[in-house]
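Visitor: Each residue of the sequence shown is one higher than the one before, counting from 99 in our numbering. Take a look at this one; I'll ask things after.
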Amino acid sequence: MAFDYGDRTGYEPISDVDRKEFHEQGFLLLRNVLTEDHRAALEAAVDRVYEEEKAKGTTTKDGTLHLLGFLERDELFGELLTHPIAFPYMWGLAGWNIYTHHNHLDVTPPAAEPEKPYWGWHQDGYRQNSDPETMDPNLPRPMFSLKVAYVLSDLSEKGRGATKVIPGSHLWNSLPRPTDLSVHNPDPEGTVEITANPGDAFIFDRRQWHSRSTNLSNITRKMLFVGYTYRWIRPLDELHPDKDGEWYRNRTPVQRQLLGEGTHTANYWGINWDGYIDDEIPLRKELKQRGLLNRNIPWLR
């Protein structure tokens with residue numbers, strides 16, 4: 099299916115204003131990323147996958163679905179890898195030596211009972227939050243990865259299960275945790291609930307302290323999260339695309355890179371075995387041909 103994004107290609111550089119805001123706040127809310135027909139088609143695909151998973155018994159008791167590695171479940175999901183509006187933020191903020199390592203499809207029905215005490219504040223990355231840390235608490239850990247979250251349902255009001263963030267907290271290595279988690283605790287100071295319209299998207303640094311929230315509305319929350327990291331970091335989700343199948347054949351060289359394809363192990367590190375940069379890496383090659391490499395931005399050199 100083709101959707102009208104005008105002359106957008108996915109290779110338009112992001113603005114210095116957006117880059118500055120992302121580095122300062124740790125996230126960006128982007129309005130009207132999906133056209134309405136694209137959003138509706140994605141929602142229909144999510145609904146189909148949800149019914150398939152529900153029939154298999156993989157949803158929770160209250161009907162919630164948190165499905166990892168969903169990209170292969172529909173052609174539309176594969177196309178999100180290089181979405182013409184969102185993709186420039188991925189290579190613009192992380193560079194050309196990237197691929198997708200972690201993706202999840204979330205369906206959150208209205209809560210069946212009152213909200214229970216819960217403390218869900220965390221940074222993504224698991225041991226990435228421990229292994230590279232220095233002894234200096236004022237020196238932030240590396241970003242390593244970022245996500246784009248596509249909003250398919252109406253999250254324009256609070257209380258609909260939207261993601262909560264603390265702007266600027268991606269530069270904090272720790273967050274004070276309440277001593278008693280058996281009672282309701284207030285959110286940390288500065289918390290923002292990302293309210294968004296259907297078709298909006300937001301991008302966030304994996305270090306951003308964030309939390310889910312309870313869906314207290316009568317609207318089912320539907321979201322698609324696509325994560326990108328460096329190719330020398332290996333997958334968190336398992337993807338098993340049939341490389342002889344139609345879905346994989348339909349992927350472009352850049353999309354195949356973003357699915358983890360590489361010619362040899364050194365290629366994942368951005369080089370050939372001679373130690374020099376591999377200019378045939380699809381995304382680097384694409385950016386170079388378009389004159390979008392920039393030696394003043396380390397990850398775009």
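For every residue, glycine included, the Cβ atom is placed at its ideal position computed from N, Cα and C.
Looking only at DSSP bridge pairs, what is residue 144 linked to?
Guide: BP columns for residue 144 are empty, so no partner.
Visitor: Residue 260 and residue 253 look like a contact to me (Cβ under 8 Å); what is the Cβ gap, rounded to whole Å?
Guide: The beta-carbon separation of residue 260 and residue 253, rounded to 5 Å, stays under the 8 Å limit for a contact.
Visitor: Spell out the partners DSSP gives residue 220 in its beta bridges.
Guide: 308
Visitor: So, helix, strand or coil for residue 118, using DSSP?
Guide: Correct three-state label for residue 118: helix.
Visitor: Throw me the rounded Cβ distance for the residue 177 and residue 165 pair, which I believe falls under 8 Å.
Guide: With a Cβ gap of about 18 Å, residue 177 and residue 165 do not count as contacting.
Visitor: I need the boundaries of the alpha helix (DSSP H) containing residue 299, first residue and last residue.
Guide: Run containing residue 299: none in the alpha helix (DSSP H); it sits in the beta strand (DSSP E), 299-303.
Visitor: Using DSSP's beta-bridge definition, name the partner residues of residue 171.
Guide: Beta-bridge pairing links residue 171 to no other residue.
Visitor: Within 10 Å of its beta-carbon, does residue 394 have 16 or more other beta-carbons around it, so buried, or fewer, so exposed?
Guide: It counts as exposed.
Visitor: Among all the DSSP beta bridges, which residues are the ones paired with residue 395?
Guide: BP columns for residue 395 are empty, so no partner.
Visitor: Scan the segment 183-269 and note each continuous alpha helix (DSSP H) run of 4 residues or more that stays entirely inside, going in chain order.
Guide: 185-192
Visitor: What residue from 286, 157, 290, 239 has the CA that sits closest to residue 255's CA?
Guide: 290
Visitor: Give me the residue from 399, 357, 294 with the minimum Cα distance to residue 199.
Guide: The shortest Cα separation from residue 199 among 399, 357, 294 belongs to 357.
Visitor: Per the contact definition of three or more C-beta pairs closer than 8 Å, is the segment 373-388 in contact with the segment 213-221?
Guide: no
Visitor: Roughly how many whole angstroms lie between the Cα atoms of residue 271 and residue 308?
Guide: 13 Å
Visitor: Near residue 349, which residues of its chain fall below 7 Å by C-beta distance, leaving aside the five closest residues on each side in sequence?
Guide: 176, 357
Visitor: What span of residues does the beta strand (DSSP E) with residue 366 cover, start to end?
Guide: Premise fails: residue 366 is in no beta strand (DSSP E) and is neither H nor E.
Visitor: Go through its chain and collect everything with a Cβ distance to residue 208's Cβ below 8 Å, but skip five positions before and after it.
Guide: 313, 314, 315, 316, 317, 318
Visitor: Could you tell me how far apart the beta carbons of residue 202 and residue 323 are, in whole angstroms, since I believe they sit closer than 8 Å?
Guide: 5 Å
Visitor: Sort 301, 345, 232 by Cα distance to residue 263 and report the nearest one.
Guide: Here the closest residue by C-alpha is 301.
Visitor: Which same chain residues, not among the five before or five after residue 449, have their C-beta less than 6 Å away from its C-beta?
Guide: The question about residue 449 has no answer, for the chain in this structure spans 99 to 399.
Visitor: Could you compute how far the alpha carbon of residue 99 sits from the alpha carbon of residue 139?
Guide: 9 Å
Visitor: Roughly how many angstroms separate the alpha carbons of residue 304 and residue 244, rounded to a whole number?
Guide: Take the alpha-carbon of residue 304 and the one of residue 244: they are about 5 Å apart.
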